[in-house]
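>
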Amino acid sequence: MERATLLRTISCSSSSSVLVSARFFSRSTHRLYRLPKRHRLIPNIGHSSLFRRHIGLVSAASRPSLHLKKHFSNFSVQAVATSNPQSAPEALGADDSVAEKLGFEKVSEEFIEECKSRAVLYKHKKTGAEIMSVSNEDENKVFGIVFRTPPKDSTGIPHILEHSVLCGSRKYPLKEPFVELLKGSLHTFLNAFTYPDRTCYPVASTNTKDFYNLVDVYLDAVFFPKCVNDIKTFQQEGWHYELNDPSEDITYKGVVFNEMKGVYSQPESILGRASQQALFPDNAYGVDSGGDPQVIPKLTFEEFKEFHCKYYHPSNARIWFYGDDDPTERLQILSEYLDMFEANSAPEESKIDSQKLFSEPIRVIEKYPASEAVDAKKKHMVCLNWLLSETPLDLETELAVGFLDHLMMGTPASPLRKILLESGLGEAIVGGGVQDELLQPQFSIGLKGVSEDDIQKVEELIMSTLKKLADEGFDSDAVEASMNTIEFSLRENNTGSFPRGLALMLRSVGKWIYDMDPFEPLKYQEPLKALKARIAKEGPKAVFAPLIEKFILNNLHLATIEMQPDPEKASYDEAIEKENLEKVKASMTPEDLAELARATHELKLKQETPDPPEALKCVPSLSLQDIPKKPKHIPTEVGYINGIKVLQHDLFTNDVLYAEVVFNMSSLKQELLPLVPLFCQSLLEMGTKDMEFVQLNQLIGRKTGGISVYPFTSSVRDKKDPCSHIIVRGKAMSERSEDLFNLVNCVLQDVQLTDQKRFKQFVSQSKARMENRLRGSGHGIAAARMDAKLNVAGWISEQMGGLSYLEFLQALEKKVDEDWPEISASLEEIRKTLISKNGCLINLTADGKNLKNSEKHISNFLDMLPNTSPVGSIPLSSRLSPTNEAIVIPTQVNYVGKAANICDTGYKLKGSAYVISKYLNNTWLWDRVRVSGGAYGGFCDFDTHSGVFSYLSYRDPNLLETLDVYDGTSNFLKELEMDDDALTKAIIGTIGDVDAYQLPDAKGYSSLMRHLLGVTEEERQMRREEILLTRLNDFKDFADFIEMVKDKGVVVAVASPGDVDAANKLRPNFFEVKKAL
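Counting with the working numbering, you get residues 994 to 2070 for the letters of the sequence shown.
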């Protein structure tokens, strides 16, 4: 799963990092450090990363950028970047007469140059359903169906329905066909999203047969779901009362209920919801489409059914197809479904009303759960939020506002962001700049970690800085850097692991859902050209100052949100819930209680009873004959420049050169390890002798597509010593490769590590980020902690990105003031130890011509590197005490982990382990931890390099009960019966993960990871053959090895104080308690 990458690849990014964006390009795709706008059917925490880590290995896109809170959502998407793209044929599309016969009329047709695609908008004549059919040469095909689903309250109907419709349908009447697709398809994307006003169901696959299977399951699910006639699905996914015995207390259970409890435990999520609801008090955005845990139990099954009937109708649907499949086949599939319906009134009833602008600003004060140990006076948050317009912006204005947003906030050197962080008034930025996913755009900016006495100062500083920017404008270097960043992002079109067609779909739907032109968001060249010409002619101030004045300074629709830490809030919320449930129980007769206990048992029995084999056969699947026998090949040539090893990958990259420079970290003193992430950030965000950091940042933005620096650590199979490196990643247009390597050298050798004030900011930002991660991604903290108890690589990683790192930061914050010379000297020692020609490795990805042209620049770069000898070493015995640990935080949900090194029992890696791990995720752990237990996620991971097999849960209402599930895994495998169809699905699904779709930069990066970790092409072939030959006996044999996790595993839970106390009462001294936050 992604968690290993998250733990072991802590990144620090330059101004125009690997994922960068302006708001105009940010309506869709995944957003880091943005106010949350949507909920997923399954959490984005990676169920199958072990395949990507250890066979396909880490994709470049999985490494998070810690400093860019926003990035372009890939406004332009070129159809193909893995082979030289050809212009799509002019006639590519369904024949008009065929479309007419199938019941569709063509509304409009365009060739979209920006994505080399022929796009046709159809309307289904009978129902009014609208279809965008986008044809090109991209093999990663995408389908999506989107419904406008405005909620009227915060019961979470759209969100619960999004979960529920995929739990069985007319053609696929089993418990969860969605899970069967997770098990056994080659999907490159499979999920669903709930926005504040719409619900999206997208799928993607590179295999045409598999793609149409996915499409059919999704269409049947949304139009003919079983859930509207099955209250048990509503109870499972939404909410229900649970009572195992009439003598016990009643509790709430439900997947969405517990997911939202987790969301409402995160201060920034609470802030995001408060901001949205304050800005939009009079329309659908004034309530929470995801559901408020205090309101969700008010939802009735009848309301749930009515909502589906009202909005899940073709008349209310926007349908998207994208890729290289047959456009006529798309319409044929759709007509079979759409023709079964008549038009209805949903398009009128689902329209989103605009929010009228305020006549005066408002202020809202909210509380969030905080620890008793925290200094409450210094943990306030304040955020200023403007609604920019009563109507959607026109394209030219939207582009200009997005560009302005990037100028003000898009990089560490951007003035609004820089001034706020340098003020010392807070620890980190909150808000997200311009947000344009909804009908009307917003702008949000603020700080967290603010003293109560400084709240007004923050507000005044924001307003005075904005006024200064309106009065003085932006310098030409900043404008050039932003423009290059935007144009580079558009040309590169790097959507990471997110399918390009899906990024396009979400961008198009952002207009289309409001009855606007779906083509317009796909075309950027002319508007961008016009904006550049206007800036050149009139100057930046003439373009941007009026926007700041109109949309912000003179705009009275301002909602200021002040968040106050409250150590009593978590216990108060729990007390209210307990009181409500006690009232419910008191109102029941003994007969009622007996019936509730019976219903609870009946629901659990249904949840834990597998579908019969004959039911499973109805879900379409591939056969093993559809699966390639050889792994995907990445061209790799190993050579030497100036005696340094260079890996070269000859791939089409649209003239972009991707480069990694790798330095050995094994010689670094262990006491310096926690400083490494801050060292990486300092390299990119401090100045040189000749340039302030702002100038350096802008130079990187003007000349490259971004530079990032981060540590990477992993165990290496069959070796005692870990793999431990610093990786410098950079990218640029090939003609600027000399600039790229000169700037990398400047960052590594010329940056002066002496700016005490900026370093203290980095510490505060990192501490705030780690605190946020502890609340929102506790499973990652638990996983890091377990790894640190079990192997040296895990210990190193935890020192740089786990709870130990947070504790280090808390102590360092004071030390910066008291002993800066020693810290500065330590940073310089890290540089002298790491930055050396000795042990250096270069990795390059581009086409052959550009690889050849870059060699002379690499030679010059290597000549400038120092030739120092490594000194010292990290003791191989370093690891944390293997005790069970509970990390206590103010939360309503838990993150529960258990792990052991199964190679200590003599296990030798076989490819079948990948199949078994994936199967456990999608059966035993899914059914018991999520479906029956009510957690948002439950999964296992086998790190094949270290031998650590681990279990983790996510937003989990349970603690000891989840550990009992983990301990039952080996018995589940021993007693497992599986027919050939189920085994084939498990194998195919595993191959789908192994063969995960990758863009060129990710392919080059994966090859680098394999090289560092000693994974050869011969081993990849051998593991693939072992996967394809997996048999039932392999499952049963594996059970004996993971029995060790039950007997000798170490437990780490990030959990609430109440649940930990209860656990230690039931099992005395089970947990060693550690308070955090």
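Cβ atoms here follow ideal geometry from the backbone N, Cα and C, with glycine treated the same way.
Source: prediction; values computed, not measured.
1. For P1362, which residues does DSSP report across the bridge?
2. Using DSSP with H/G/I as helix, E/B as strand and the rest coil, what is W1379?
3. When the distance is taken between beta carbons, is T1187 closer than 8 Å to S1258?
4. When we look at the beta-carbon of E1968 and count the other beta-carbons within 10 Å, is it buried (16 or more) or exposed?
5. For L2005 versus C1716, is the C-beta spacing smaller than 8 Å?
6. If you run the structure through DSSP and keep just helix, strand and coil, what is R1484?
7. Would you call the stretch 1393-1410 and the stretch 1459-1472 in contact, with 3 or more CB pairs under 8 Å?
8. In this structure, how does DSSP classify L2110 when only helix, strand and coil are distinguished?
9. Within 10 Å of its beta-carbon, does C1302 have 16 or more other beta-carbons around it, so buried, or fewer, so exposed?
10. Can you tell me the Cβ-Cβ gap for N1894 and N1784, rounded? I've got them flagged as a contact below 8 Å.
11. Give the DSSP-derived three-state secondary structure of Y1257 in the structure shown.
12. Relative to the C-alpha of L1650, which residue among R1729, R1695, L1331, S1659 is closest?
13. Residues bridged to H1938 by DSSP?
14. Just the C-alpha distance for A1538 and L1377, rounded to the nearest angstrom, thanks.
15. Just to confirm before moving on: does the CB-CB distance between V1196 and L1179 stay below 8 Å?
16. Please name the residue or residues paired with V1135 in a DSSP beta bridge.
17. How many angstroms separate the CA atom of P1950 from the CA atom of D1856?
18. Does the structure place the stretch 1269-1286 close enough to the stretch 1086-1097 that three or more beta carbon pairs sit under 8 Å?
19. Roughly how many angstroms lie between the CA atoms of V1210 and P1613, to the nearest whole one?
20. Whose CA, out of D1711, G1997, D1732, F1942, lies closest to the CA of L1692?
21. If we call anything under 8 Å between Cβ atoms a contact, is P1320 one with A1496?
22. Mapping DSSP to helix, strand and coil, what is V2047?
23. Using the Cα positions of L1413 and S1819, report the straight-line distance between them to the nearest angstrom.
24. Where does A2069 fall in DSSP's three states?
25. Please classify A1074 as buried or exposed, where buried requires at least 16 neighbouring CB atoms within 10 angstroms.
26. Please report the residue range of the beta strand (DSSP E) in which R1111 lies.
27. In or out: E1420 buried (at least 16 other Cβ within 10 Å) or exposed?
28. Count the C-beta pairs between the stretch 1415-1435 and the stretch 1392-1402 that are closer than 8 Å, then say yes if the count reaches three, no if not.
29. Helix, strand or coil for D1732, going by three-state DSSP, please let me know.
30. Can you grab the Cα-Cα spacing for the pair W1379 / Q1433, in whole Å?
31. Could you check where the beta strand (DSSP E) with C1716 kicks off and where it finishes?
32. Tell me which residue opens and which closes the beta strand (DSSP E) that V1654 is part of.
33. Starting from the N-terminal side, write out each stretch of the alpha helix (DSSP H) that is 4 residues or longer and does not extend beyond the stretch 1494-1575.
34. Would F2028 and L1966 qualify as a contact pair, given that the criterion is a beta-carbon distance under 8 Å?
35. Of the choices N1635, C1193, G1255, I1627, whose alpha-carbon is the least far from that of L1644?
36. Contact between the stretch 2007-2016 and the stretch 1922-1931 is defined here as three or more beta-carbon pairs at a separation below 8 Å; is this criterion met?
Let me lay it out:
1. The sequence position of residue 1362 within the sequence shown is 369, counting from 1. According to DSSP, residue pairing for P1362 in a beta bridge involves D1559.
2. Residue mapping note: residue 1379 aligns to position 386 of the sequence shown, counting from 1. In this structure, W1379 counts as strand in the three-state DSSP scheme.
3. Here residue 1258 refers to the residue found at position 265 when the sequence shown is read from its first residue. Here residue 1187 refers to the residue found at position 194 when the sequence shown is read from its first residue. No; because the gap between Cβ atoms is not below 8 Å, this pair is not in contact.
4. Position 975 of the sequence shown holds residue 1968. Residue environment analysis places E1968 among the exposed positions, since fewer than 16 neighbouring C-beta atoms fall within 10 angstroms of its C-beta.
5. Along the sequence shown, one-based indexing puts residue 2005 at 1012. Along the sequence shown, one-based indexing puts residue 1716 at 723. In contact: L2005 and C1716 (Cβ atoms closer than 8 Å).
6. Numbered from 1 along the sequence shown, position 491 holds the residue referred to as residue 1484. R1484: helix per DSSP, three-state reduction.
7. The stretch 1393-1410, when compared against the stretch 1459-1472, does touch it at the 8 Å Cβ threshold.
8. What the structure shows of the chain is the stretch from 994 to 2070, and residue 2110 is not part of that stretch, so it cannot be assessed.
9. Your numbering for residue 1302 matches position 309 in the sequence shown. By the neighbour-count rule (16 or more Cβ atoms within 10 Å), C1302 is not buried but exposed.
10. Within the sequence shown, residue 1894 is the residue found at index 901, counting from 1. Within the sequence shown, residue 1784 is the residue found at index 791, counting from 1. Sure, about 7 Å apart at Cβ, within 8 Å.
11. Taking the first residue of the sequence shown as 1, we reach residue 1257 at position 264. In the three-state scheme derived from DSSP, where H, G and I count as helix and E and B as strand, Y1257 is classed as coil.
12. Reading the sequence shown from its first residue, position 657 is the one you call residue 1650. Nearest C-alpha to L1650: R1729.
13. Here residue 1938 refers to the residue found at position 945 of the sequence shown. H1938 pairs with nothing; no bridge assigned.
14. Here residue 1538 is taken as the residue at index 545 of the sequence shown, counted from 1. Here residue 1377 is taken as the residue at index 384 of the sequence shown, counted from 1. Going by C-alpha positions, A1538 is about 19 Å away from L1377.
15. Position 203 of the sequence shown, counting from 1, holds the residue named residue 1196. Position 186 of the sequence shown, counting from 1, holds the residue named residue 1179. Note that the C-beta distance between V1196 and L1179 is not below 8 Å.
16. Your numbering for residue 1135 matches position 142 in the sequence shown. Note: V1135 is bridge-paired with A1197, Y1315 in the DSSP secondary-structure output.
17. Position 957 of the sequence shown holds residue 1950. Position 863 of the sequence shown holds residue 1856. Whole-angstrom Cα-Cα distance: 57 Å.
18. With a cut-off of 8 Å on Cβ pairs, the stretch 1086-1097 is not in contact with the stretch 1269-1286, counting fewer than three such pairs.
19. Working through the sequence shown from its first residue, we reach residue 1210 at position 217. Working through the sequence shown from its first residue, we reach residue 1613 at position 620. Approximately 8 Å, taken between the alpha carbons.
20. One-based indexing of the sequence shown puts residue 1692 at position 699. Across the set D1711, G1997, D1732, F1942, the C-alpha of D1732 shows the shortest separation from the C-alpha of L1692.
21. Sequence index remark: in the sequence shown, residue 1320 carries index 327 (1-based). Sequence index remark: in the sequence shown, residue 1496 carries index 503 (1-based). No.
22. One-based indexing of the sequence shown puts residue 2047 at position 1054. DSSP places V2047 in strand when its eight states are reduced to three.
23. Taking the sequence shown and counting its residues from 1, the one referred to as residue 1413 is at position 420. Taking the sequence shown and counting its residues from 1, the one referred to as residue 1819 is at position 826. Approximately 28 Å between the Cα atoms of the pair.
24. Working through the sequence shown from its first residue, we reach residue 2069 at position 1076. In the structure shown, A2069 adopts coil according to DSSP, grouped into three states.
25. As a first step, residue 1074 is located in the sequence shown; it is residue number 81 there, counting from the start. Only weak support is given to the placement of A1074: the predicted model assigns it a pLDDT of 31, under 50, and the question is left unresolved by the model.
26. If you number the sequence shown from 1, residue 1111 lands on position 118. Residues 1110-1117.
27. Counting from one through the sequence shown, the residue named residue 1420 turns up at place 427. Per the 10 Å Cβ criterion, buried.
28. Enough Cβ pairs lie closer than 8 Å, so yes.
29. Within the sequence shown, numbered from 1, the residue matching residue 1732 stands at position 739. When secondary structure is reduced to three states using DSSP, D1732 falls in the helix class.
30. Position 386 of the sequence shown, counted from the first residue, corresponds to residue 1379. Position 440 of the sequence shown, counted from the first residue, corresponds to residue 1433. Taking the straight line from one Cα to the other gives about 11 Å.
31. Counting from 1 along the sequence shown, the entry for residue 1716 is found at position 723. If you look at C1716, you'll find it in the beta strand (DSSP E) that goes 1716-1726.
32. Here residue 1654 is taken as the residue at index 661 of the sequence shown, counted from 1. Per DSSP, V1654 belongs to the beta strand (DSSP E) from 1649-1657.
33. The qualifying runs are 1518-1531, 1533-1541.
34. Here residue 2028 is taken as the residue at index 1035 of the sequence shown, counted from 1. Here residue 1966 is taken as the residue at index 973 of the sequence shown, counted from 1. L1966 is positioned such that its CB atom lies closer than 8 Å to that of F2028.
35. Mapped onto the sequence shown, residue 1644 falls at position 651. L1644 has its Cα closest to that of I1627, out of N1635, C1193, G1255, I1627.
36. Per the Cβ contact rule, the stretch 2007-2016 is not in contact with the stretch 1922-1931 (fewer than 3 Cβ pairs under 8 Å).
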